[in-house]
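Residue numbers (the working numbering): 156 to 570.
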């Protein structure tokens, strides 16, 4: 009988790398993670990605590519599973689930019994939103700038169950922390059951002071649900820092893990009263695994999350956050004098990190996106939501300054 260990010995086995030295698979290209934080180091990181020669990808906020170690781990898992899927995938490969749960929980600063794996943030948020025991008249606080799929779920609950949504109005960019906190806290009434917070807004990269809002909400008896799609593995924090009851995120965004992988956190004492989105044998038990009854999904992708977490941690949370902020600051500073260009993202560290959004007077966002792609093969994202007519720039750890120089030069040529 072939074990996974013996099977992997036949492959490149790139997912197993030393803590400080990483082999990329490109000849002798390696990353010395003890290297100083300089251009040489980030060039080594860049060489771990299989980047397209046809476009410059500045839309990493949507979904991120995986470094070679993660790709290889995924491929190896897939090939191993195909030896006999119902045995090697469902039984042998699945033996890695609990070690992975331990690893993710440790990274998040929470209990192993509070982490459930799924396929993306939307699935995690939907599980929580539809699983909460809310009744007609109960109030939920949301913002128009929360993610549309999450808002759709809340609106469906309002339509179906008669709950009431209370809307917080944000004016982007927000740069007054106390003002943001007050907007949420002042919306709380005796009927408020939960506050939905998006940690980093996908539209502009605005960071919301989740912990301080959570602390105030708890004093008033409210639960807190956090959408961490754009904060997880982007800014340096642990879920335990947030004082929230529920949290959901994707691994395939800023962690650079395989597509279609995500997770949710539910505080241990909240699990029993939260229904799973899909049926489970024990729907009201306090076992976090009841949320993982999702039918057949890609175990090979899910188990490769471990390699992505290794890669991320080898770089370091703080070093990665600082690099992403450095890239954002670089291009935003260089575009300050472009006529008609207005940033919709704060440049203060406490209010943004790697993503930023801009608009140009009398220009449609779709036209700017098309111009960047046609002129310089730069791929970006149009932001058309709640009156925004803007373009989002989301570099990644593999992005270099010359690509951002091209972005700036191309914007200067826009007529």
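Heads up, the beta-carbon is just placed ideally off N, CA and C, and yes, glycines get one too.
Within the stretch 251 to 276, the beta strand (DSSP E) runs of at least 3 residues that lie entirely inside it are, in chain order, 270 to 273.
In the displayed model, residue 430 falls within coil according to three-state DSSP, outside both helix and strand.
Put simply, of 397, 364, 348 the residue whose alpha carbon is nearest the alpha carbon of residue 263 is 397.
Remark: C-beta atoms of residue 381 and residue 402 approach each other more closely than 7 Å.
Pairing residue 354 with residue 505, the inter-Cα distance amounts to about 12 Å. A straight-line Cα-Cα distance of about 8 Å links residue 327 and residue 501.
For the pair residue 447 and residue 280, the Cα-to-Cα distance works out to about 14 Å. With 16 or more other CB atoms across the displayed protein chains lying within 10 angstroms of its CB, residue 535 is buried. Cβ-Cβ separation between residue 295 and residue 348: approximately 7 Å, consistent with a contact (criterion under 8 Å). Residue 434 has its alpha-carbon roughly 31 Å from the corresponding atom of residue 365.
Per DSSP, reduced to three states, the secondary structure at residue 248 is helical. Where residue 547 is concerned, the enclosing beta strand (DSSP E) starts and stops at 543 to 548.
For residue 340, same chain residues with a beta-carbon under 8 Å away, outside a window of 5 residues either side, are 368, 371, 372, 375 in chain order. In the three-state reduction of the DSSP assignment, residue 331 falls in the coil class, being assigned neither a helical nor a strand state.
Per DSSP, the unbroken beta strand (DSSP E) holding residue 352 starts and ends at 347 to 353.
The secondary-structure analysis by DSSP pairs residue 322 across a beta bridge with 297.
Rounded to whole angstroms, residue 205 and residue 222 show a C-alpha spacing of 7 Å.
Rounded to the nearest whole angstrom, the CA to CA distance from residue 267 to residue 302 is 27 Å. Per DSSP, the beta bridge partners of residue 379 are 350. For residue 339, the secondary structure class from DSSP, reduced to helix, strand or coil, is helix. The DSSP-derived three-state label of residue 510 is coil. Under the DSSP assignment, residue 309 falls in the alpha helix (DSSP H) whose first and last residues are 303 to 316.
DSSP places residue 534 within a strand segment (E or B) once states are collapsed to three.
Only residues of its own chain outside the window of five on either side were considered, and among them 289, 290, 291 have a CB closer than 8 Å to the CB of residue 316, listed in chain order.
Per DSSP, reduced to three states, the secondary structure at residue 409 is coil, with no helix or strand assignment. Taking a C-beta distance under 7 Å as the contact criterion, residue 469 and residue 188 qualify as a contact pair. Contact between residue 249 and residue 454 holds, since their C-beta atoms are separated by about 6 Å, short of 8 Å. Under DSSP, the beta-bridge partners assigned to residue 401 are 380, 421.
Residues of the same chain with a CB within less than 7 Å of the CB of residue 304, apart from the 5 flanking positions on each side, are 277 in chain order. Burial is judged here by how many other beta carbons sit within 10 angstroms of a residue's own beta carbon; residue 428 has fewer than 16 and is exposed.
Taken through DSSP and simplified to helix, strand or coil, residue 529 comes out as helix.
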